[in-house]
Structures are given as C-alpha cells and as structure tokens.
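Student: The following block contains the structure, expressed as structure tokens.
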Amino acid sequence: MNPMKGLLKKDYRISRQYFWIWTGVLVLALAAGIGLSIYASQPAGTLPVLVLTSFVHFAFAPVFMLSLLNLESKTQLWLYTPRRGIELILSKFGVIFSYQVVLQILLSFYAAFIIFWFGREVYEPISFRLFLEAAVLLNALLLMVGFYLTTWLTFLWTVFHSLKNLAKTIRWIIVIGTVFLYNIVESFLLSLKPIKNLINKFNVEVISEAALSYKDEQWSVMFGSTDIPVLPLIYYALLMVILITAASKLLEQKVEV
Amino acid sequence: MGEDFQASKPIYMQIVDKITSEIVQGKRQPGDKLPSVREMAVQMGVNPNTVQRTYAELERLNIVETRRGQGTFVSDNKDLTEELGRNMQDEIIKSFIQKMEEIGVDRKQIVTLLQQYLGEGQ
Amino acid sequence: MAIVLENVSKSFGKKKALKNINLSFEKGRIYGLLGPNGSGKSTMLKLMTGLTFPTNGTVTLNGHPVTRKSSEQVAYLTELDMFYDVFTVRETVNYMASQFADFNIEKAKELLQELTLDPTQKVRSLSKGNRGRLKLVTTLSRDTDAILLDEPFSGLDPMVRDSIINSLLKYIDFENQVLIIATHEITEIESLLDEAIAIHYGTVIGQESVETLREEQGLSVLQWFKQISREQGEG
Chain A
1 MNPMKGLLKK
11 DYRISRQYFW
21 IWTGVLVLAL
31 AAGIGLSIYA
41 SQPAGTLPVL
51 VLTSFVHFAF
61 APVFMLSLLN
71 LESKTQLWLY
81 TPRRGIELIL
91 SKFGVIFSYQ
101 VVLQILLSFY
111 AAFIIFWFGR
121 EVYEPISFRL
131 FLEAAVLLNA
141 LLLMVGFYLT
151 TWLTFLWTVF
161 HSLKNLAKTI
171 RWIIVIGTVF
181 LYNIVESFLL
191 SLKPIKNLIN
201 KFNVEVISEA
211 ALSYKDEQWS
221 VMFGSTDIPV
231 LPLIYYALLM
241 VILITAASKL
251 LEQKVEV
Chain B
1 MGEDFQASKP
11 IYMQIVDKIT
21 SEIVQGKRQP
31 GDKLPSVREM
41 AVQMGVNPNT
51 VQRTYAELER
61 LNIVETRRGQ
71 GTFVSDNKDL
81 TEELGRNMQD
91 EIIKSFIQKM
101 EEIGVDRKQI
111 VTLLQQYLGE
121 GQ
Chain C
1 MAIVLENVSK
11 SFGKKKALKN
21 INLSFEKGRI
31 YGLLGPNGSG
41 KSTMLKLMTG
51 LTFPTNGTVT
61 LNGHPVTRKS
71 SEQVAYLTEL
81 DMFYDVFTVR
91 ETVNYMASQF
101 ADFNIEKAKE
111 LLQELTLDPT
121 QKVRSLSKGN
131 RGRLKLVTTL
141 SRDTDAILLD
151 EPFSGLDPMV
161 RDSIINSLLK
171 YIDFENQVLI
181 IATHEITEIE
191 SLLDEAIAIH
201 YGTVIGQESV
211 ETLREEQGLS
221 VLQWFKQISR
231 EQGEG
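So the sequence lines, in the order shown, correspond to chains A, B and C. Note that the UniProt record's numbering has the first sequence beginning at 1, numbered continuously upward. Note that the UniProt record's numbering has the second sequence beginning at 1, numbered continuously upward. Note that the UniProt record's numbering has the third sequence beginning at 1, numbered continuously upward.
So this is what it looks like as structure tokens:
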C-alpha cells in the first residue's frame, strides 16, 4: 500500500463512525420535516427544514476537521511520520470533502423531492434546468464556504500548537488576535473605493434564495437571484492556498503535541 | 530471562563462572557446541556484547575454542573437566579458609571442626 | 551511525526540561537513559525523533539535523498510546507498514505470533500488557538505524516484561542499530545495557559503562544511580 493511500484509508477509518452518526441525524431531521409538514398539511414546512439543515452544513467541514485534529493530537502517531505536512492535511481535507459531497447530494435530492413532488402545489414552479443550475451553484457555495472556514481552522490549529512554549491563555490570545487582525485588514481593504469598483467589475447571476409567501391561506415559495462577483472568489481561493501552505509548514517544523 | 546477577562482579565474568561450573558438573561435555552469541544473550537476558566478552574470556582461558564459521565449542581436552573441577575446588576451599580465619578460627581448629561436622553428617 | 546532542536545551514556557545536554550514541550499543519520571528522558527521545525541536543547540542523526523526516530512520516507542482505537491489530500493523518504507512485515508477523497477539482483535479492547506488546511489534519490525524505547515496561507485569526483553534481544539487528531505552525501572534492564546515562532534573549527572562500573567500583547500575543522585541532592 502506498503511503498516501495508507493515510487516506486511516483517515476514513478513524472518522467513519462520526460520519454515520452525522448522516443518521440528518436523515432523521429531513424525515421529520416531511412528517411535520404532512401533519400540519403545509407542504411548504419542508423549506425551513431544508434551509436549516443546509445552513448547518456550512459548519460540517470545520467541525469535522477540528474533531479529527483533536483526535490526532492525543497521540504522537500523526506527527511521527516522514510524510510532508501538506500530505497529512490534504488527506484529511480529501476525506472530509468526500463526506460533504455525499451529504450535499442527499440534501439536493431532498430539495428536488420537495420541489417537484412533495410540495409541487406550493413551491413556485421552476424548470428542472433552472433547478439544476441553482443546485450546482448553491452546492458549490456551500462547499466553498465550508472549506474556506476549514482552511482557517486548520491554520489556526497549527498556530496554536506551534506555540507550545507559551502559556495557554497567550496562545489563545494570539489565535483570536490573528482572526481579529485579518478581519480588520479585510474590511479596510473592502472600504477602499478602487477595490470596491474592481470587485464589482465581473459578476455572474445565480439563484441564491427562496422565500415563503402567504396567499389565499396557502404558503408558497418564490425564488430570487443575485449577482456574485468573480474577483473575490479568486482572492479567497488564493488565501486558502496561502493558509494551507502555512499550516503545512507549521505542521512540519513547529507543531508539537 | 532467568538470570539474576550480583552487583559486585561484572556480568560477563558471572556468565564465565556459570558456564565453567556447567562443564564441571558435566552438563556441557568437551566438544559440545555453545549457543550462538545471540541465543545465549536471549537465554541469559543480557546484552550480546556481554556474551561476546564472556566467550572471549573463556577462549583466553582455553576453556572454549572458536571454529571459524562453525561457532564456539567447549575445548576437546580430556583433562579440561578435571582441571576446571580442581580449580573450582581450590577456590571454594580458599575462600572457606579465609572466612574462617577472619572470624578467628585457626587452621587446626578448622580441620577438627570439619571432621566433627562431616562425622555428624553421616 | 550516530545520534549526537550538542549543547541541547529545551524549555516549555518557563520550565526548563533539558539543560545543556551533550551526548552521543553509537551503533552496536545499548544505552539506558535513567532517571525518575519528569527528569527529561522523554523529551530527549522526542528530540531524537524530530517530534520536538530544541530551544538551543543541535540534534543530529548521521551528521544531519533531525527533522520530522528523520522518523524514517528512527523507530520510536512512546510511553503514551500510539494507536487508533478503531483499528484492529492487523490494521495497525498494515498502517505502519504503509507509512514506513523500512517496515518489515514478515518480522511483524513473527513478532505478533511470538507475543501471542491476535491480529483480528480491536486495539480498543486490548489489555494494557497487549498494548505494550503491540507497541513493541510496530517498533521492532522496522529496519532502522536507531530504536528508541520510552518506558517500554511501565505498567506491565513481569511475564510481559520478560517476553519483551526476549523479543528485543532476538530481533534487534545488533551490529547495525543503536538502541536507547529510557526508563526509571533500572533493575529490569541493567543486564541489557552497555552504557548507563543518569539524568536528574534535565541534566546529565553521570555516564558509565555498566561492566566498568562493576569491575572498578563494584557497583550495580542501581547502586551507582542512587549514589550520584544523592551527591546531586547534597551538592
């Protein structure tokens, strides 16, 4: 077995159980959404469930990453390795990514099910093509935000564990301070006029929202669209690459557990 | 590992003594092959370097001989067992007399005491 | 092959775990790092595997500074657990084999059999003694330049200790490996050692050849250790 395969297999193995638990809870929640909607004779009741469960999945990847990192920090096994830091991190990213894709496919099927069948009377009718477009974009957004947060989390985790020489409170202050500082810098940059103009230069239009409306004693669902600027996407992708690279270097050269 | 070693004597010498005594008791015959260094180390629970030193010492004392590519053997010398036996007897008697003298028993008394003791023993 | 520590210090916050250590370890010899719990033995071994890095000074392996990559050449057994609980014994061995190119799977199989470990058993359900044995299997199965064992006997009953010492003597490649054992249980390993190094509050307070100690001073390692620790306390 080659080393990378070994790593991946190990990461699947140690996280499999958590994944099944998460999936189980999700399926229960989705089923409850349908059950309650039938009970209340309001098929649109499935929308809040869909929105809520989807929303929770912004946190899926970071929460999963944190629990895996903490599991690894309990033993020396993860760091006692000739593998490069980037391999160690990407293996975990890969595993979590695959889990997230499975979960999002599940959510997308649920959405299709409630829009085109279970709630077809109350959801604004849209073409299947439009649905697909929206689904792809929303899923991409969910994945991107999830992994953006995960990248930050991984980076901050390595920062925290690189500072073993310092007291815990100081380590926390540095970690929180880093986030704070970055946000100040980011907001400052965004407040600059030339940057604002640049950001809004290239946009793509996507379906981004669904809203409930109440008419003739019946809730129904409307869809709306927004423009997404392209440049920030490129910026965030770059930032992620930088954070992951930094995290790998720290993991190789500084992290002690 | 089954061996306990005294603190005051090098371990390699204690193993020399052990092997010598086994030859005197006939547990190891002239011409017998000794275990390899590693096997002996495992049996005794000691460092292989120690066993190496033991074998070197035994060889220096002409108790064993190393045959190239075959291993270490108890010297094929008929007088060896007898000689080693005598040496051991001498040593035991010497230390016995020394200890008796230390507690103020003179040689004459030693002989008498020994005769008495052995007589009673029968 | 040698591991060399030169003027090595290591601090954790204000606490100094190691102070100005100078030591070198040669292949073909077995060293004992002896000292009470918390004396800095574990930190020293971690420095040699690249799990932790010196605050000052240098640690080198065959002349190159130790990094995480050095784990390729150093087999290390921690005093802590080093398994994933969800793995079986076999999965643990296979995982180690996938990560270390020098892992000798045949040796591992022999060792498993000899130490009577069931490959299908879950690590989670192993007894403490069997966990100790499994650690030894994964460490000794590697054909490395150096083997570092941190408290390999702690908490194990005498039967397990004997079987571990037995396997140790049987499976190390004596001419080509350096073996370093850190322990506070001196009597257990006394007869295994070439060289004893006494550590006291992060400093080396003595280094002696075990046989020379007996020959010239008539002392066992334990007696010697007690003597120099006492002198430290007085001085």
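Ideal Cβ placement from N, Cα and C applies to all residues, glycine included. Remember, it's a predicted structure, so these values are computed and weren't measured experimentally.
State the start and end residues of the unbroken beta strand (DSSP E) segment that holds T55 of chain C.
Tutor: As a working note, residue 55 of chain C is residue 55 in the third sequence. Per DSSP, T55 of chain C belongs to no beta strand (DSSP E) and is neither H nor E.
Student: Could you check whether the Cβ of Y55 of chain B sits closer than 8 Å to any Cβ belonging to chain C?
Tutor: As a working note, residue 55 of chain B is residue 55 in the second sequence. Not an interface residue.
Student: By the DSSP assignment, the beta strand (DSSP E) with G6 of chain A in it spans what residues?
Tutor: Start at 1 with the first residue of the first sequence, and residue 6 of chain A comes out as number 6. Looking at the DSSP string, G6 of chain A is not in any beta strand (DSSP E); the run it does join, the alpha helix (DSSP H), is P3 to Y39.
Student: Starting from the beta carbon of L80 of chain C, find every residue of chain A whose beta carbon is closer than 9 Å, and list them in chain order.
Tutor: Mapped onto the third sequence, residue 80 of chain C falls at position 80. In chain order: K74, T75 and Q76.
Student: Could you tell me which chain C residues have their CB closer than 7 Å to the CB of N165 of chain A, listed as they occur along the chain?
Tutor: On the first sequence, position 165 is the one that residue 165 of chain A refers to. Those within 7 Å of N165 of chain A in chain C are S11, F12 and G13.
Student: Closest Cβ-Cβ distance between K99 of chain B and chain C: below 8 Å?
Tutor: Reading the second sequence from its first residue, position 99 is the one you call residue 99 of chain B. No, K99 of chain B does not count as interfacial toward chain C.
Student: Taking a cut of 9 Å between CB atoms, which residues from the segment 127 to 140 of chain C lie near chain B?
Tutor: Residues: none.
Student: Examine the Cβ distances between the segment 84 to 91 of chain A and the segment 170 to 183 of chain A and report whether three or more of them are shorter than 8 Å.
Tutor: No, the segment 84 to 91 of chain A does not touch the segment 170 to 183 of chain A.
Student: Does the Cβ of R107 of chain B lie closer than 7 Å to at least one heavy atom of the ligand GTP?
Tutor: By its list of ligands, the structure shown contains no ligand whatsoever, and the ligand GTP lies outside what it can speak to.
Student: Kindly say whether S256 of chain A, judged by its beta-carbon, lies nearer than 8 Å to any beta-carbon of chain C.
Tutor: Along the first sequence, one-based indexing puts residue 256 of chain A at 256. The identity of residue 256 of chain A in the sequence shown is Glu, whereas the question assumes Ser. Yes, its Cβ sits closer than 8 Å to a Cβ of chain C.
Student: State yes or no: is the beta carbon of G32 of chain C nearer than 8 Å to at least one beta carbon in chain B?
Tutor: By one-based count along the third sequence, residue 32 of chain C stands at place 32. No, its Cβ sits nowhere closer than 8 Å to a Cβ of chain B.
Student: By a C-beta neighbour count over all protein chains shown, 10 Å radius and 16 as the cutoff for buried, is D17 of chain B buried or exposed?
Tutor: Position 17 of the second sequence holds residue 17 of chain B. So D17 of chain B counts as exposed.
Student: State yes or no: is the C-beta of S91 of chain A within less than 8 Å of the C-beta of L156 of chain A?
Tutor: Numbered from 1 along the first sequence, position 91 holds the residue referred to as residue 91 of chain A. Numbered from 1 along the first sequence, position 156 holds the residue referred to as residue 156 of chain A. No, Cβ-Cβ distance for S91 of chain A and L156 of chain A is not below 8 Å.
Student: List the residues that DSSP assigns as beta-bridge partners of V8 of chain C.
Tutor: Taking the third sequence and counting its residues from 1, one reaches residue 8 of chain C at position 8. For V8 of chain C, which the question treats as bridged, DSSP gives the partners C:I21.
Student: If contacts are defined as beta-carbon pairs under 8 Å, then T81 of chain B and I23 of chain B qualify, I think. What distance do you get, rounded to the angstrom?
Tutor: If you number the second sequence from 1, residue 81 of chain B lands on position 81. If you number the second sequence from 1, residue 23 of chain B lands on position 23. The Cβ separation is near 6 Å, so the contact holds.
Student: In chain order, what residues of the same chain lie with their CB nearer than 6 Å to the CB of E185 of chain C, ignoring the 5 residues before and after it?
Tutor: As a working note, residue 185 of chain C is residue 185 in the third sequence. Excluding residues within five positions, the ones whose Cβ falls inside 6 Å are F153.
Student: Would you mind sorting V221 of chain C into buried or exposed? The rule is 16 or more other CB atoms within 10 Å of its CB.
Tutor: Counting from 1 along the third sequence, the entry for residue 221 of chain C is found at position 221. Classification of V221 of chain C: buried, given that the 10 Å Cβ count is 16 or more.
Student: For a contact defined as C-beta to C-beta under 9 Å, what are the partners of V64 of chain B on chain C?
Tutor: One-based indexing of the second sequence puts residue 64 of chain B at position 64. Those do not exist, as V64 of chain B stays about 20 Å from chain C at its closest Cβ, beyond 9 Å.
Student: I need the straight-line Cα distance from Q14 of chain B to L136 of chain C, nearest angstrom please.
Tutor: Translated into the one-based positions of the second sequence, residue 14 of chain B becomes position 14. Translated into the one-based positions of the third sequence, residue 136 of chain C becomes position 136. Those two C-alpha atoms are separated by around 30 Å.
Student: If you draw a straight line from the C-alpha of I3 of chain C to the C-alpha of T151 of chain A, how long is it?
Tutor: Position 3 of the third sequence, counted from the start, is the residue given in the question as residue 3 of chain C. Position 151 of the first sequence, counted from the start, is the residue given in the question as residue 151 of chain A. Rounded to whole angstroms, I3 of chain C to T151 of chain A spans 37 Å at the Cα level.
Student: Give a yes or no on whether 8 Å exceeds the smallest Cβ distance from R90 of chain C to chain A.
Tutor: Residue 90 of chain C sits at position 90 when you count from the first residue of the third sequence. No, no contact with chain A.
Student: Does DSSP put M44 of chain C in a helix, a strand or coil?
Tutor: Translated into the one-based positions of the third sequence, residue 44 of chain C becomes position 44. Residue state, collapsed to three classes: helix.
Student: Residues of chain C with a CB under 7 Å from the CB of I14 of chain A: which are they?
Tutor: On the first sequence, position 14 is the one that residue 14 of chain A refers to. Under the 7 Å cutoff, chain C gives Y84 and V86.
Student: Check each residue of the segment 176 to 194 of chain C: if its Cβ is closer than 7 Å to any Cβ of chain B, include it; give the result in chain order.
Tutor: Of all residues in the segment 176 to 194 of chain C, S191, L192, L193 and D194 have a Cβ within less than 7 Å of some Cβ in chain B.
Student: Which residues in chain C sit within 7 Å of Y80 of chain A, going by Cβ to Cβ distance?
Tutor: Counting from one through the first sequence, the residue named residue 80 of chain A turns up at place 80. The contacting residues are T49, L51, S71 and Y76.
Student: Which ranges would you report for the alpha helix (DSSP H) in the segment 117 to 184 of chain A if only whole runs of at least 4 residues count?
Tutor: Taking only runs of at least 4 residues, the alpha helix (DSSP H) segments lying wholly in the segment 117 to 184 of chain A are 128 to 162.
Student: Taking a Cβ distance cut-off of 8 Å, strictly less, list which residues of the segment 18 to 42 of chain B are near chain C, in chain order.
Tutor: So the list reads R38, A41 and V42, given in the order they occur along the chain.
Student: So the alpha helix (DSSP H) M65 of chain A belongs to, where does it begin and stop?
Tutor: For the purposes of this step, residue 65 of chain A is identified with residue 65 of the first sequence, where counting begins at 1. From DSSP, the alpha helix (DSSP H) with M65 of chain A extends over F60 to S73.
Student: Within the 8 Å Cβ cut-off, does I147 of chain C reach chain B?
Tutor: Within the third sequence, numbered from 1, the residue matching residue 147 of chain C stands at position 147. By this cut-off, I147 of chain C is not an interface position.
Student: Quick check: is the beta carbon of S8 of chain B nearer than 8 Å to any beta carbon in chain C?
Tutor: In the second sequence, the residue the question calls residue 8 of chain B occupies position 8. Chain C contact via Cβ: present.
Student: Chain B partners of Q207 of chain C, CB-CB under 9 Å?
Tutor: Translated into positions along the third sequence, residue 207 of chain C becomes position 207. Near Q207 of chain C there are no residues of chain B at all, since even the closest Cβ is about 16 Å away, more than 9 Å.
Student: For K14 of chain C, count the other beta carbons within 10 Å of its own beta carbon; 16 or more makes it buried, fewer makes it exposed. Which is it?
Tutor: As a working mapping, residue 14 of chain C is identified with position 14 in the third sequence. Exposed.
Student: So which residues of chain C does I11 of chain B contact, with C-beta pairs closer than 8 Å?
Tutor: By 1-based counting over the second sequence, the position of residue 11 of chain B is 11. What I11 of chain B touches in chain C: S191, V210, E211 and R214.
Student: Starting from the C-beta of T23 of chain A, find all residues in its chain whose C-beta is less than 8 Å away, skip the five residues before and the five after it, and write them out in chain order.
Tutor: Walking along the first sequence from the start, residue 23 of chain A turns up at place 23. Hits under 8 Å: V102, L103 and L106.
Student: Just mark M159 of chain C as buried or exposed, buried being the case when its beta carbon has 16 or more other beta carbons within 10 Å.
Tutor: Stepping through the third sequence from its first residue, residue 159 of chain C is reached at position 159. So M159 of chain C counts as exposed.
Student: Please decide whether W20 of chain A counts as near chain C, where near means a Cβ-Cβ distance under 8 Å.
Tutor: Along the first sequence, read from residue 1 onward, the residue named residue 20 of chain A stands at position 20. No, W20 of chain A lies away from the interface with chain C (no Cβ there is under 8 Å from its Cβ).
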